[in-house]
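Below: one structure, written as structure tokens.
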Amino acid sequence: MLQILVLMSEESTNKKTFQERIDNGETIEPKDDMPDRYRQQLIRMMSQHAHSEVVGMLPEGNWITRAPSLRRKMILLSKVQDEAGHGLYLYSATETLGASRKEVINQLLEGKAKYSSIFNYPTLSWADVAVIGWLVDGAAIINQTMLARSSYGPYSRAMVRICKEESFHKKQGYEMVAQMADGTSEQQEMIQDAVDRWWWPTLMMFGPHDEDSPNSEELIKWGVKSKTNDELRQSFVDRHVQEAHTVGLEIPDPDLEYNEETGHWEFGEIDWDEFWNVVKGNGPMNKQRMKARREAHENGEWVREAAEEYARKQKLSKEKAS
Amino acid sequence: MLQILVLMSEESTNKKTFQERIDNGETIEPKDDMPDRYRQQLIRMMSQHAHSEVVGMLPEGNWITRAPSLRRKMILLSKVQDEAGHGLYLYSATETLGASRKEVINQLLEGKAKYSSIFNYPTLSWADVAVIGWLVDGAAIINQTMLARSSYGPYSRAMVRICKEESFHKKQGYEMVAQMADGTSEQQEMIQDAVDRWWWPTLMMFGPHDEDSPNSEELIKWGVKSKTNDELRQSFVDRHVQEAHTVGLEIPDPDLEYNEETGHWEFGEIDWDEFWNVVKGNGPMNKQRMKARREAHENGEWVREAAEEYARKQKLSKEKAS
Amino acid sequence: MTTQTKTLTKKEALFDYLVRLADDRLILGHRLSEWCGHGPILEEDIALANIALDYIGHAASLYEYAVEIEDEGRHRDDLVYFRNDPEYTNLKITELPKGDFGFTIARQFLFSAFSFYLYQILADADDEQFSGMAAKHLKEVKYHLRHSREWVLRLGDGTEESHQRIQDAFDEIWTYTGALFYQDEIDDLLQDEEIAADTKSFKTDWKNLVSDTLKEATLEVPDFDQYMAEGGRKGLHTEHLGHLLAEMQHLRRSYPDANWE
Amino acid sequence: MTTQTKTLTKKEALFDYLVRLADDRLILGHRLSEWCGHGPILEEDIALANIALDYIGHAASLYEYAVEIEDEGRHRDDLVYFRNDPEYTNLKITELPKGDFGFTIARQFLFSAFSFYLYQILADADDEQFSGMAAKHLKEVKYHLRHSREWVLRLGDGTEESHQRIQDAFDEIWTYTGALFYQDEIDDLLQDEEIAADTKSFKTDWKNLVSDTLKEATLEVPDFDQYMAEGGRKGLHTEHLGHLLAEMQHLRRSYPDANWE
Numbered sequence: 519m520l521q522i523l524v525l526m527s528e529e530s531t532n533k534k535t536f537q538e539r540i541d542n543g544e545t546i547e548p549k550d551d552m553p554d555r556y557r558q559q560l561i562r563m564m565s566q567h568a569h570s571e572v573v574g575m576l577p578e579g580n581w582i583t584r585a586p587s588l589r590r591k592m593i594l595l596s597k598v599q600d601e602a603g604h605g606l607y608l609y610s611a612t613e614t615l616g617a618s619r620k621e622v623i624n625q626l627l628e629g630k631a632k633y634s635s636i637f638n639y640p641t642l643s644w645a646d647v648a649v650i651g652w653l654v655d656g657a658a659i660i661n662q663t664m665l666a667r668s669s670y671g672p673y674s675r676a677m678v679r680i681c682k683e684e685s686f687h688k689k690q691g692y693e694m695v696a697q698m699a700d701g702t703s704e705q706q707e708m709i710q711d712a713v714d715r716w717w718w719p720t721l722m723m724f725g726p727h728d729e730d731s732p733n734s735e736e737l738i739k740w741g742v743k744s745k746t747n748d749e750l751r752q753s754f755v756d757r758h759v760q761e762a763h764t765v766g767l768e769i770p771d772p773d774l775e776y777n778e779e780t781g782h783w784e785f786g787e788i789d790w791d792e793f794w795n796v797v798k799g800n801g802p803m804n805k806q807r808m809k810a811r812r813e814a815h816e817n818g819e820w821v822r823e824a825a826e827e828y829a830r831k832q833k834l835s836k837e838k839a840s
Numbered sequence: 519m520l521q522i523l524v525l526m527s528e529e530s531t532n533k534k535t536f537q538e539r540i541d542n543g544e545t546i547e548p549k550d551d552m553p554d555r556y557r558q559q560l561i562r563m564m565s566q567h568a569h570s571e572v573v574g575m576l577p578e579g580n581w582i583t584r585a586p587s588l589r590r591k592m593i594l595l596s597k598v599q600d601e602a603g604h605g606l607y608l609y610s611a612t613e614t615l616g617a618s619r620k621e622v623i624n625q626l627l628e629g630k631a632k633y634s635s636i637f638n639y640p641t642l643s644w645a646d647v648a649v650i651g652w653l654v655d656g657a658a659i660i661n662q663t664m665l666a667r668s669s670y671g672p673y674s675r676a677m678v679r680i681c682k683e684e685s686f687h688k689k690q691g692y693e694m695v696a697q698m699a700d701g702t703s704e705q706q707e708m709i710q711d712a713v714d715r716w717w718w719p720t721l722m723m724f725g726p727h728d729e730d731s732p733n734s735e736e737l738i739k740w741g742v743k744s745k746t747n748d749e750l751r752q753s754f755v756d757r758h759v760q761e762a763h764t765v766g767l768e769i770p771d772p773d774l775e776y777n778e779e780t781g782h783w784e785f786g787e788i789d790w791d792e793f794w795n796v797v798k799g800n801g802p803m804n805k806q807r808m809k810a811r812r813e814a815h816e817n818g819e820w821v822r823e824a825a826e827e828y829a830r831k832q833k834l835s836k837e838k839a840s
Numbered sequence: 197m198t199t200q201t202k203t204l205t206k207k208e209a210l211f212d213y214l215v216r217l218a219d220d221r222l223i224l225g226h227r228l229s230e231w232c233g234h235g236p237i238l239e240e241d242i243a244l245a246n247i248a249l250d251y252i253g254h255a256a257s258l259y260e261y262a263v264e265i266e267d268e269g270r271h272r273d274d275l276v277y278f279r280n281d282p283e284y285t286n287l288k289i290t291e292l293p294k295g296d297f298g299f300t301i302a303r304q305f306l307f308s309a310f311s312f313y314l315y316q317i318l319a320d321a322d323d324e325q326f327s328g329m330a331a332k333h334l335k336e337v338k339y340h341l342r343h344s345r346e347w348v349l350r351l352g353d354g355t356e357e358s359h360q361r362i363q364d365a366f367d368e369i370w371t372y373t374g375a376l377f378y379q380d381e382i383d384d385l386l387q388d389e390e391i392a393a394d395t396k397s398f399k400t401d402w403k404n405l406v407s408d409t410l411k412e413a414t415l416e417v418p419d420f421d422q423y424m425a426e427g428g429r430k431g432l433h434t435e436h437l438g439h440l441l442a443e444m445q446h447l448r449r450s451y452p453d454a455n456w457e
Numbered sequence: 197m198t199t200q201t202k203t204l205t206k207k208e209a210l211f212d213y214l215v216r217l218a219d220d221r222l223i224l225g226h227r228l229s230e231w232c233g234h235g236p237i238l239e240e241d242i243a244l245a246n247i248a249l250d251y252i253g254h255a256a257s258l259y260e261y262a263v264e265i266e267d268e269g270r271h272r273d274d275l276v277y278f279r280n281d282p283e284y285t286n287l288k289i290t291e292l293p294k295g296d297f298g299f300t301i302a303r304q305f306l307f308s309a310f311s312f313y314l315y316q317i318l319a320d321a322d323d324e325q326f327s328g329m330a331a332k333h334l335k336e337v338k339y340h341l342r343h344s345r346e347w348v349l350r351l352g353d354g355t356e357e358s359h360q361r362i363q364d365a366f367d368e369i370w371t372y373t374g375a376l377f378y379q380d381e382i383d384d385l386l387q388d389e390e391i392a393a394d395t396k397s398f399k400t401d402w403k404n405l406v407s408d409t410l411k412e413a414t415l416e417v418p419d420f421d422q423y424m425a426e427g428g429r430k431g432l433h434t435e436h437l438g439h440l441l442a443e444m445q446h447l448r449r450s451y452p453d454a455n456w457e
């Protein structure tokens with residue numbers, strides 16, 4: 519009994535030290551002491567983030583073979599390749615917390631881990647590629663800029679690198695949006711239709727309202743996040759409404775209004791039923807996305823086994839030789 | 519020894535009677551006596567003919583999903599469906615000779631049985647659909663009109679029925695050819711290109727020159743065929759050169775010349791190296807055609823097994839009930 | 197999020213209604229036509245091509261009547277070859293890839309059973325040209341239903357493998373069946389005119405037919421009340437449709453001025 | 197069967213030569229890009245996308261130089277989006293469907309080994325713009341060769357299954373390798389100008405590299421003297437190319453007047 523008390527007290531001491539480090543703005547590194555809950559929350563967040571990059575290859579990848587110019591094809595291919603790269607950094611960063619890539623990928627494939635719900639919407643026209651670059655990457659940047667200051671070193675460093683590339687993607691996306699908005703009437707219709715379909719799902723990317731977001735407070739306390747969902751969402755709206763208007767696109771929200779006093783754009787209520795439905799697995803593409811990933815994984819099983827077996831044989835023959 | 523002589527003599531009597539029946543123009547029916555060699559030759563020819571219908575679905579089938587008008591799509595789909603139907607009649611007709619469908623299909627899939635070499639060429643443009651209808655069905659009709667008078671009843675009756683449908687296909691094909699030849703310059707180019715590619719392979723459909731065709735004499739003697747390969751080929755050329763000129767298409771043969779005396783079109787020498795190469799399995803599409811058929815067969819295995827098992831169960835439960 | 201305020205005319209509603217029916221049949225016919233030459237048994241190459249042909253024929257008549265009503269000089273093929281993804285109003289269930297033979301049969305059965313009840317009502321529509329068409333198509337729809345129902349029994353009560361495959365197919369496709377019964381202002385208007393069928397009126401019959409058949413086939417009936425996927429009628433599709441249209445329209449769009457009739 | 201009598205100019209020959217090289221890379225790049233998001237391991241999603249990107253980039257430069265030489269105001273994209281099947285001059289080996297990862301790797305290895313020797317010569321071509329381009333691309337080609345060679349070893353000398361799969365892939369694709377060395381009057385003319393490479397000059401090197409690698413990977417080397425499939429360079433293709441082009445060109449052809457740059 520005494521022993522237990524001592525242990526508890528030790529842990530609470532550690533926790534205090536840890537919180538002090540966080541409050542001092544120190545960066546936590548893999549070998550540092552950290553509370554289990556901090557580790558678990560980070561593994562959840564970071565692997566979810568990695569999965570999002572990987573699943574996020576699918577909606578845009580859907581248009582690589584149909585891109586309407588060589589230049590745009592190369593830009594798109596390169597962008598999707600970057601996403602795979604981001605997936606890699608993030609899986610590696612997650613491994614520093616002791617969660618192996620194999621393990622977290624299995625959680626995804628078994629439906630236990632989540633990924634960003636935005637990728638459960640289909641890309642139905644070429645304009646969707648433009649709008650994803652502009653809105654979805656735009657939203658991601660706002661979130662990631664914050665995470666680049668997160669208290670966990672490997673995460674924050676991955677975010678710095680990713681953010682740089684995402685900004686480039688957003689720039690390219692917005693350039694395409696502007697070009698189409700300035701194009702033929704068919705291009706204009708196509709791009710407006712894409713904005714109409716993607717606007718609200720993008721707002722949902724920031725998650726539930728602060729009062730419905732149980733993890734937020736803890737994550738802020740631990741210096742993982744520094745802003746709430748609603749704050750981030752507001753920055754996104756302020757920036758993107760402006761950009762939409764610049765190129766003459768409409769935002770599909772009748773309640774949208776500029777508040778001179780606050781300097782913010784006020785916007786309508788999100789359809790939270792749709793949000794929770796997609797989160798629960800009932801979005802328009804949840805099943806197809808998971809099917810595509812599972813098939814890639816299963817079809818690749820023999821390749822991964824071969825690579826392992828070859829490496830084993832090589833190692834063996836090197837050992838023999840020496 | 520005596521016994522053997524008696525048997526031999528009986529068989530030769532039978533053969534004589536059989537040849538007399540043939541010479542009298544009688545039709546041979548499944549239950550009639552017939553020489554083994556006659557049976558084997560017919561099984562070979564008829565199953566080869568059935569396989570040709572089935573493999574022949576592939577090159578045209580390749581364009582169903584891309585047909586440029588609903589009307590043409592329906593015509594094409596209906597034509598390919600007819601070919602499947604012809605395959606069925608012919609497999610059934612072959613079964614009257616004691617060769618099961620399963621057995622002869624296995625011979626095809628194992629590469630032991632042949633099918634018409636023409637289907638080892640690819641359909642590379644929509645115009646190929648028109649030209650196949652006109653030239654390939656045109657060639658088939660010339661051959662089949664003769665076979666409709668063949669000595670074996672089930673074969674000749676199948677041919678009568680098939681010929682009627684093929685004539686309709688040829689008519690539709692020629693209508694398309696004429697329409698494209700009278701169309702935009704792109705359509706004209708497309709149709710001429712298709713004629714250039716299909717003309718010579720179609721001439722090859724009639725088989726080697728008479729002197730290189732070992733089976734011909736026997737088949738004529740037995741009343742299966744009534745014309746030689748070269749005779750049939752000449753009828754084809756005479757008819758189709760005329761039809762080509764009517765719609766302003768060129769035949770890709772610099773040696774083509776009308777002989778006023780004989781009333782026939784004389785034509786250049788076929789590239790027999792190409793012919794034998796394709797027969798040997800080295801045509802542009804031999805491997806792909808067999809792959810497609812084998813895949814259809816393998817993917818359908820579980821369906822055929824289910825149908826058999828269900829039929830067995832049904833029979834069993836009916837027997838129990840009675 | 198934008199509210200439609202313009203009033204729908206009967207003519208517009210009928211045009212849309214015909215196009216919806218036609219789109220379903222064109223797209224499903226396209227999927228079936230992909231089997232041509234690749235069926236599990238020659239008889240099924242014929243049967244599936246036959247059904248595909250019926251669907252495309254039905255679609256052709258429906259489009260033709262639609263452009264006649266529209267009366268703006270369009271040809272039925274304009275609707276087929278020159279509309280994009282979001283203008284297509286077919287249900288998602290029709291655009292899913294053909295899958296294995298079990299998936300094709302499961303979809304055929306569910307769709308044919310629906311069409312069977314639907315066309316019985318449409319054959320009495322208060323529009324002679326339309327009802328005549330429906331009555332004619334109904335005969336073929338009956339055959340489609342019989343054909344697919346027999347295969348559901350064979351596969352369900354066949355081998356262990358076939359049982360599993362067709363069960364998996366029903367489980368996978370189930371979420372797309374709810375949208376078969378989708379109705380909106382177009383249906384409302386035309387029901388008042390006694391042209392369109394009220395799909396609610398036969399939903400129970402459809403469920404019973406489906407349940408009874410699956411049970412007879414020794415299959416489990418998935419939950420009718422599970423989450424049902426939306427979309428289709430308002431132009432929201434899966435990503436499969438775009439690839440299908442690229443294939444279907446490429447040639448025709450490459451030569452917009454040529455005559456291919 | 198028609199005899200070509202017109203004399204080929206150097207300009208025409210160079211245009212055709214560039215387009216042939218570009219077509220190979222565009223089409224193979226397209227096939228590789230189909231892996232994007234579906235690779236066996238994330239590193240390979242990246243590697244294959246990277247190679248696809250290189251190919252499409254090489255094709256873009258080659259087309260661009262071709263239209264510059266042609267000097268008729270065409271844009272490189274016109275060659276990509278507005279030519280049909282028979283105008284494409286890529287080799288058949290590049291248009292075959294991507295198959296499994298083993299097939300993709302077998303093709304990549306055979307094609308990369310060929311490109312490696314080819315580009316070494318082209319990097320010395322007596323045409324500065326072209327040789328500069330080739331020298332630049334050669335660096336990437338070396339990486340492609342290394343990447344695919346390593347995978348041939350891993351798959352060949354990996355598990356029993358991987359050994360069988362990559363062996364099957366080589367056996368299947370072998371018949372398409374002969375055409376890599378195809379040469380005609382275009383090559384003759386440009387070889388006289390010291391621009392084109394004589395593929396005969398490195399055929400033995402290529403064979404040795406291929407044989408040695410396959411042997412090291414414990415694989416059987418198929419017969420180099422077996423029947424080799426022809427076609428490609430003169431516009432004769434397999435049926436696969438048409439479907440690929442339908443997918444690739446549909447959008448662009450649907451809006452020929454729009455700017456997508």
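Residue numbers (the numbering used here), protein chains in the order written: chain A, 519 to 840; chain B, 519 to 840; chain C, 197 to 457; chain D, 197 to 457. Where a beta carbon is used, it is the ideal one built from N, C-alpha and C, also for glycine. All figures in this text were calculated on a predicted structure; none of them were measured in a lab.
> When the Cβ atoms of the stretch 222–233 of chain C are set against those of the stretch 285–294 of chain C, are three or more pairs found closer than 8 Å?
Replying inline: By the Cβ rule, the stretch 222–233 of chain C counts as touching the stretch 285–294 of chain C, because three or more pairs are nearer than 8 Å.
> Mapping DSSP to helix, strand and coil, what is D/His254?
Replying inline: Here residue 254 of chain D is taken as the residue at index 58 of the fourth sequence, counted from 1. Helix at D/His254.
> Exposed or buried, what is C/Glu435 when buried is set at 16 or more other beta-carbons lying within 10 Å of its beta-carbon?
Replying inline: Reading the third sequence from its first residue, position 239 is the one you call residue 435 of chain C. Residue environment: C/Glu435 is assigned as buried (16 or more neighbouring CB atoms within 10 Å of its CB, all protein chains considered).
>> Quick check on C/Ala425 - is its C-beta less than 8 Å from some C-beta in chain A?
In response: Along the third sequence, one-based indexing puts residue 425 of chain C at 229. Judged by the 8 Å Cβ criterion, C/Ala425 is in contact with chain A.
>> Are the CB atoms of A/Ala666 and A/Val678 within a distance shorter than 8 Å?
In response: For this step, residue 678 of chain A is matched to residue 160 along the first sequence. For this step, residue 666 of chain A is matched to residue 148 along the first sequence. The beta carbons of A/Val678 and A/Ala666 sit closer together than 8 Å.
> Where do the ends of the alpha helix (DSSP H) carrying A/Ile747 lie?
Replying inline: Counting from one through the first sequence, the residue named residue 747 of chain A turns up at place 229. Looking at the sequence shown, residue 747 of chain A is not Ile but Asn. Per DSSP, A/Asn747 belongs to the alpha helix (DSSP H) from 747–764.
> If we count Cβ pairs, one from each stretch, closer than 8 Å, do we get three or more for the stretch 565–585 of chain A versus the stretch 806–822 of chain A?
Replying inline: Taking 8 Å as the limit for Cβ pairs, the verdict is that the stretch 806–822 of chain A does touch the stretch 565–585 of chain A.
>> On the criterion of 16 or more Cβ atoms from any shown chain inside 10 Å, does C/Asp383 qualify as buried, or is it exposed?
In response: Translated into positions along the third sequence, residue 383 of chain C becomes position 187. By the Cβ-count criterion, C/Asp383 is buried, with 16 or more other Cβ atoms from all chains shown falling within 10 Å of its own Cβ.
> With D/Lys206 and D/Glu389 assumed to form a contact (beta carbons below 8 Å), what rounded beta-carbon distance in angstroms separates them?
Replying inline: Within the fourth sequence, numbered from 1, the residue matching residue 206 of chain D stands at position 10. Within the fourth sequence, numbered from 1, the residue matching residue 389 of chain D stands at position 193. Contact between D/Lys206 and D/Glu389 holds, since their C-beta atoms are separated by about 6 Å, short of 8 Å.
> In chain D, what lies closer than 7 Å to C/Arg272 by C-beta?
Replying inline: In the third sequence, residue 272 of chain C corresponds to position 76, counting from 1. Within chain D, no residue comes near C/Arg272; the closest Cβ sits about 19 Å away, beyond 7 Å.
> Are any of the Cβ atoms in chain B nearer than 8 Å to that of D/His446?
Replying inline: Along the fourth sequence, read from residue 1 onward, the residue named residue 446 of chain D stands at position 250. Not closer than 8 Å to any Cβ of chain B, the Cβ of D/His446 fails to qualify, so no.
>> According to DSSP, simplified to helix, strand and coil, what is C/His343?
In response: As a first step, residue 343 of chain C must be located in the third sequence, where it is residue number 147. Residue state for C/His343 is assigned as helix, using DSSP reduced to three classes.
>> Can you look up A/Asn804 in the DSSP assignment and give me helix, strand or coil?
In response: Here residue 804 of chain A is taken as the residue at index 286 of the first sequence, counted from 1. DSSP places A/Asn804 in helix when its eight states are reduced to three.
> Mind pulling the chain A residues with CB within less than 8 Å of C/His433?
Replying inline: By one-based count along the third sequence, residue 433 of chain C stands at place 237. The contacting residues are Pro640, Leu642.
> Do D/Ile247 and D/Thr290 have their C-beta atoms closer together than 8 Å?
Replying inline: Position 51 of the fourth sequence, counted from the first residue, corresponds to residue 247 of chain D. Position 94 of the fourth sequence, counted from the first residue, corresponds to residue 290 of chain D. At the C-beta level, D/Ile247 and D/Thr290 stay beyond 8 Å of one another.
> Are the Cβ atoms of C/Arg449 and D/His446 separated by less than 8 Å?
Replying inline: Locating residue 449 of chain C in the third sequence gives position 253, where the first residue counts as 1. Locating residue 446 of chain D in the fourth sequence gives position 250, where the first residue counts as 1. Closer than 8 Å, so yes.
> For C/Phe398, which option in C/Leu314, C/His343, C/Asp453 has the closest C-alpha, if you only look at C-alpha atoms?
Replying inline: Taking the third sequence and counting its residues from 1, the one referred to as residue 398 of chain C is at position 202. The closest CA to that of C/Phe398, considering only C/Leu314, C/His343, C/Asp453, is found on C/Leu314.
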